[in-house]
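Chains as they are written, first to last, in full-length UniProt numbering: chain A, 1 to 473; chain B, 1 to 473.
These notes concern the structure reproduced below.
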């Protein structure tokens, strides 16, 4: 459907865009963040929405593929091509303005290239909270976060990226602009194009700005790391905490001993929080209104949970530094995983009640494929597990190249059988297109294809992401 | 695009559906709820999803229009045709099952014909809250509520109907079924078809069941009716209450003296809550976690607000009966409005900070058109006003037939100029198609048309709702 960007393309665009729009060092843009593959293409960084529109109109007329590029942190290859005709890579890195803040409305309008940490700070500056939070917040950009409907640690309370967005400005493939930058809380005038664009991974158009919903900052916050006898007990603990604290439970993260063992393995200075690391732990984070004391609330929860046999030990943060230290452990696990090097990493979600069954069945099934170390952790309150499979100590991931496909299929088949999703928060990108075809509902896939063809008739937008290029076959 | 349902259609369907599928008394189905116009058509009430699929497949092959019918409470004509070829009206009234409840997941799966009050009770039965709540909850059905993305009084805290839905089962126009009844909190596998179907008002397919998200019941609830000096003060009061109570503020309703005067006018037994009714009041409802006392919290808010000059008087509910009585006043206003008979009724939303400007400007602008009584009330926390214009006492709405269009245009133009929406929660239906064309962003309308054509190529689904039938022109 689409054709390659060439030196002619570059010459044409140089004639209509300022000189500083072009990136000659294409290394960061065309390298998968884990170094798994490299892409190709011309990289352009427009200054504003009008330039984005001009570029898209040009490419659409010539059927040149366009790959939108945010912070480059995606793990499913949505931000770079792994084959096919070289595209134009459109980086939003220069569109970083906070266009406006509306303190009395708890709304902020940010351009797509704004970095998440900067948006969090802009919210803080007007006394509000922008609750989207994840490990890559120092480099991930709003456009990419919305395009992939990013998750993170506060989804339990505040929802995913989709729930933080009130309105969008989007450049369509033909270069026309949808001005949907609404700050309205309610608007039932036609189809929900905002939520269609969110999570479409740049295959239907390019977001250039978003109106973001801010929330009141909780009056008091707290955290605790609790040892639990099993994943099932962890879920009961979540229900107990929610019964007592309602929406006050902001995050509820499952951690396995393997994660802490990895931290010790890659960083010998790491100090484990418990004298003897339990097999399963949860990190619970709370935010409460004025009049409730977070530490006391966590103690009450701990006591009730201990009485019910749901916790066996625990550490309640006594200061902001304590809380940061507990969170630092959780947030260091992905980097430790990367340094160990996984055979296969999954980002799955399950109906909450099926989480224990998944964990109980996955280990024995994998053991039939080979001997592995398993680090299962993640956002338990959302039913979202990062179930990552590693080589034994002394081996490397490449020793298991022949088993990788079987491991993935085993875990995805089990997820699917239990009513789960094979991509909870990372999206489809290019690396999970086959999974979507294998596990997706056929009627859903047919509707997605129809929508793609309707909104991007020339197939130029992020070709091969989410939906396969039919001409690739 | 579509053709009329005829006696041949009826004969064909009688051959493949049980006898009790047909409705000979078509009066409720074909009458606008305020009696404003009548429709035409054949009425069929299938028992299950397979029958819905059979009916749609039949109609699609013959290009017969299909109008989905839920509780019939919509106010914008989405549930009945106001002209054109007679359609098949497909009522979901027999698909009322609660298919399953999942207490440990806080999820419930209901068929599209389940009545909202029954769903609320089913949630209550497992100790949870289904927070969608509105005046017509005794007759509105889940399919219609989701198809119109209904709002109501708890949107401020819990979001609109869209936010309560985790998954959908939808019959496509060609009779194929999308099984999207997911109970997952996170699932980033492809385009967000769920949110596209929600709010599409039956123009893209027919919802047959939904997986609904339940929430924990707050440990304690309370309510107060407070007199405020102005709409601007009401907004400051909202900010003050949210600063202190966070998410604890469940509803924040604006009430004008005119509403209470109407209650007195239509029901002389009505007892006004204040000795002297203030011009502006707010009804605030709160739900708090264990450890906080709602009455005390409301008193603290009242005292701080009084000190800041934001309230002048107030009634804090001292019992559940008190709270019900305050809510009864609010919920009686729409019926009083109906009995008075409006010249024109608007369902608009505004950026929160623009609400005072709208109220300040709308009255003087209307005064240039004629002499009216104005009842402005609604969900202030969401920026959603029901701004309704009535004849003076002794006159009737028909006395102002010549001014109706000017009143509507005046209010909608002002709404649009202030960045608002001309349909906050009622949808477009057939009565606001022209408004959508007038005020909608052209790029948005083009995308909506493309999606409609892609997902309903024969144009059979709810013809003329949301988007005009091009062949009508």
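For glycine and all other residues, C-beta sits at the position ideal for the given N, C-alpha and C.
- [ ] Would you check if there are 3 or more beta carbon pairs closer than 8 Å linking the segment 314 to 324 of chain B to the segment 68 to 75 of chain A?
- [x] Touching, no.
TODO: Give every residue of the same chain whose Cβ lies closer than 8 Å to the Cβ of residue 393 of chain A, excluding the five residues on either side of it in the sequence, and list them in chain order.
DONE: As a first step, residue 393 of chain A is located in the first chain; it is residue number 393 there, counting from the start. Answer for residue 393 of chain A: 265, 373, listed in chain order.
Task: Length at least 3, wholly inside the segment 87 to 171 of chain A: the beta strand (DSSP E) runs in chain order - done: Runs found: 88 to 91, 98 to 102, 107 to 111, 165 to 171.
Task: Positions along the segment 169 to 194 of chain A whose CB lies within less than 7 Å of some CB in chain B - done: For chain B, the residues of the segment 169 to 194 of chain A that bring a beta carbon within less than 7 Å of one of its beta carbons are 172, 176, 177, 178, 179, 180, 183, 184, 185, 186, 187, 188, 189, 190, 191, 192, 193, in chain order.
Open item on the list: Can you tell me which residues form a DSSP beta bridge with residue 180 of chain B?
Closed with: Counting from one through the second chain, the residue named residue 180 of chain B turns up at place 180. Under DSSP, residue 180 of chain B takes part in a beta bridge, and its partners are B:168.
TODO: Could you spell out the range, first to last residue, of the beta strand (DSSP E) harbouring residue 347 of chain B?
DONE: The residue labelled residue 347 of chain B in the question sits at position 347 within the second chain. Its beta strand (DSSP E) spans residues 344 to 349.
TODO: Write down the C-beta distance between residue 132 of chain A and residue 152 of chain A rounded to the nearest angstrom, noting that I regard them as a contact closer than 8 Å.
DONE: Position 132 of the first chain holds residue 132 of chain A. Position 152 of the first chain holds residue 152 of chain A. Residue 132 of chain A to residue 152 of chain A, Cβ: 6 Å. Contact.
Task: Where residue 40 of chain A sits in the DSSP three-state scheme - done: Counted from its first residue, the first chain places residue 40 of chain A at position 40. Correct three-state label for residue 40 of chain A: coil.
Task: is_contact[residue 139 of chain B, chain A] using C-beta, thresh 8 Å - done: Residue numbering aside, residue 139 of chain B sits at position 139 when the second chain is read from its first letter. Proximity of residue 139 of chain B to chain A, defined by a Cβ-Cβ separation below 8 Å, is not satisfied.
Open item on the list: So for residue 63 of chain B, helix, strand or coil by DSSP?
Closed with: The sequence position of residue 63 of chain B within the second chain is 63, counting from 1. In the structure shown, residue 63 of chain B sits in coil (DSSP, three-state: anything other than H, G, I, E or B).
Open item on the list: Let me confirm a value: residue 244 of chain B is counted as buried when at least 16 other C-beta atoms fall within 10 Å, else exposed. Which label applies?
Closed with: The residue given as residue 244 of chain B occupies position 244 in the second chain. By the 10 Å Cβ count, residue 244 of chain B comes out buried.
- [ ] Could you check the C-alpha separation between residue 473 of chain A and residue 452 of chain A for me, to the nearest Å?
- [x] Position 473 of the first chain, counting from 1, holds the residue named residue 473 of chain A. Position 452 of the first chain, counting from 1, holds the residue named residue 452 of chain A. The predicted model places residue 473 of chain A with a pLDDT of 42, which falls under 50 and marks its position as unreliable, so this point remains unresolved.
Open item on the list: Assuming contact is defined by CB atoms lying nearer than 8 Å, are residue 441 of chain B and residue 178 of chain A in contact in what I supplied?
Closed with: Your numbering for residue 441 of chain B matches position 441 in the second chain. Your numbering for residue 178 of chain A matches position 178 in the first chain. Their beta carbons are under 8 Å apart, which means residue 441 of chain B touches residue 178 of chain A by this criterion.
Task: When B:145, B:291, B:362 are compared against residue 79 of chain B, the one with the closest alpha-carbon - done: Numbered from 1 along the second chain, position 79 holds the residue referred to as residue 79 of chain B. The shortest C-alpha separation from residue 79 of chain B is found at B:145.
TODO: Give the secondary structure of residue 466 of chain B by DSSP, where H, G and I count as helix, E and B as strand, and everything else as coil.
DONE: As a first step, residue 466 of chain B must be located in the second chain, where it is residue number 466. It is coil, neither helix nor strand.
TODO: Flag residue 461 of chain B as yes if its beta-carbon sits less than 8 Å from any beta-carbon of chain A, otherwise no.
DONE: On the second chain, residue 461 of chain B is found 461 positions in, with the first residue counted as 1. Among the CB atoms of chain A, none fall inside 8 Å of the CB of residue 461 of chain B.
Open item on the list: Starting from residue 375 of chain A, trace the beta strand (DSSP E) in both directions and tell me its first and last residue.
Closed with: Taking the first chain and counting its residues from 1, the one referred to as residue 375 of chain A is at position 375. From DSSP, the beta strand (DSSP E) with residue 375 of chain A extends over 373 to 379.
- [ ] Measuring only between beta-carbons, confirm whether residue 458 of chain B sits less than 8 Å from chain A.
- [x] Here residue 458 of chain B is taken as the residue at index 458 of the second chain, counted from 1. For residue 458 of chain B, not one C-beta of chain A is nearer than 8 Å to its own C-beta.
TODO: Evaluate residue 435 of chain B with the Cβ neighbour count: other Cβ atoms within 10 Å of its Cβ, from every protein chain shown; 16 or more gives buried, anything less gives exposed.
DONE: Your numbering for residue 435 of chain B matches position 435 in the second chain. The residue is buried, with at least 16 neighbouring Cβ atoms inside 10 Å.
TODO: Would you be able to state if there are at least three C-beta pairs under 8 Å between the segment 100 to 112 of chain B and the segment 74 to 89 of chain B?
DONE: No: the two stretches stay apart, fewer than three of their Cβ pairs being nearer than 8 Å.
Open item on the list: Rounding to the nearest angstrom, what Cα-Cα distance links residue 28 of chain A and residue 72 of chain A in this structure?
Closed with: In the first chain, counting from the first residue as 1, residue 28 of chain A sits at position 28. In the first chain, counting from the first residue as 1, residue 72 of chain A sits at position 72. The C-alpha of residue 72 of chain A is placed about 8 Å away from the C-alpha of residue 28 of chain A.
Task: Rounded straight-line distance, which links the Cα of residue 4 of chain B to that of residue 61 of chain B - done: Indexing the second chain from 1 puts residue 61 of chain B at position 61. Indexing the second chain from 1 puts residue 4 of chain B at position 4. Each residue's alpha carbon lies about 13 Å from the other.
- [ ] Evaluate residue 253 of chain B with the Cβ neighbour count: other Cβ atoms within 10 Å of its Cβ, from every protein chain shown; 16 or more gives buried, anything less gives exposed.
- [x] Working through the second chain from its first residue, we reach residue 253 of chain B at position 253. It is buried - the Cβ of residue 253 of chain B has at least 16 other Cβ atoms within 10 Å.
Open item on the list: Can you pull the chain A neighbours of residue 448 of chain B, defined as C-beta to C-beta under 9 Å?
Closed with: Here residue 448 of chain B corresponds to residue number 448 of the second chain, with the count starting at 1. Correct list: 190, 191, 193.
Open item on the list: Give me the residue from A:84, A:104, A:206, A:109 with the minimum Cα distance to residue 96 of chain A.
Closed with: The residue given as residue 96 of chain A occupies position 96 in the first chain. Minimum Cα-Cα distance from residue 96 of chain A among the listed residues A:84, A:104, A:206, A:109 corresponds to A:109.
TODO: Drop a sphere of 10 angstroms on the beta-carbon of residue 328 of chain B, count the other beta-carbons inside from all chains shown, and report buried for 16 or more, exposed for fewer.
DONE: Against the second chain, residue 328 of chain B aligns to sequence position 328. Classification for residue 328 of chain B: exposed.
Open item on the list: Assess contact between the segment 179 to 186 of chain A and the segment 226 to 245 of chain A, defined as three or more Cβ pairs (one per stretch) separated by less than 8 Å. Is contact present?
Closed with: Counting C-beta pairs with one atom in each stretch, the segment 179 to 186 of chain A and the segment 226 to 245 of chain A have fewer than three that are closer than 8 Å, which means they do not touch.
TODO: Taking only heavy atoms of the ligand HEM into account, decide whether any of them is closer than 7 Å to the Cβ of residue 455 of chain A.
DONE: Summarising the ligand content, the structure contains no ligands, and the ligand HEM is consequently not present.
TODO: For chain A, find out if any of its Cβ atoms is closer than 8 Å to the Cβ of residue 198 of chain B; answer yes or no.
DONE: Along the second chain, one-based indexing puts residue 198 of chain B at 198. Look at residue 198 of chain B: its C-beta is under 8 Å from a C-beta on chain A.
Open item on the list: Taking the straight line between their C-alpha atoms, what separation do you get for residue 261 of chain B and residue 279 of chain B?
Closed with: Working through the second chain from its first residue, we reach residue 261 of chain B at position 261. Working through the second chain from its first residue, we reach residue 279 of chain B at position 279. Approximately 11 Å, taken between the alpha carbons.
Task: Endpoints, beta strand (DSSP E) assigned at residue 222 of chain A - done: Translated into positions along the first chain, residue 222 of chain A becomes position 222. Element bounds for residue 222 of chain A: 220 to 228.
Task: Closer than 8 Å to chain B by CB, residue 102 of chain A - done: The count along the first chain starts at 1 and reaches residue 102 of chain A at position 102. Yes - at least one Cβ of chain B is within 8 Å of the one on residue 102 of chain A.
Task: Segments assigned alpha helix (DSSP H), at least 4 residues, entirely inside the segment 221 to 274 of chain A - done: As far as the segment 221 to 274 of chain A is concerned, its whole alpha helix (DSSP H) runs of at least 4 residues are 231 to 245, 257 to 266.
TODO: Mind checking who residue 390 of chain B pairs with in its DSSP beta bridge?
DONE: Walking along the second chain from the start, residue 390 of chain B turns up at place 390. Answer by DSSP bridge pairing, in chain order: B:373.
Task: Own chain partners of residue 194 of chain A with C-beta closer than 7 Å, once the 5 adjacent residues on each side are dropped - done: On the first chain, position 194 is the one that residue 194 of chain A refers to. These residues qualify, in order along the chain: 165, 167, 168, 180.
Open item on the list: According to DSSP, is residue 73 of chain B part of a helix, a strand, or is it coil?
Closed with: On the second chain, position 73 is the one that residue 73 of chain B refers to. Residue state, collapsed to three classes: coil.
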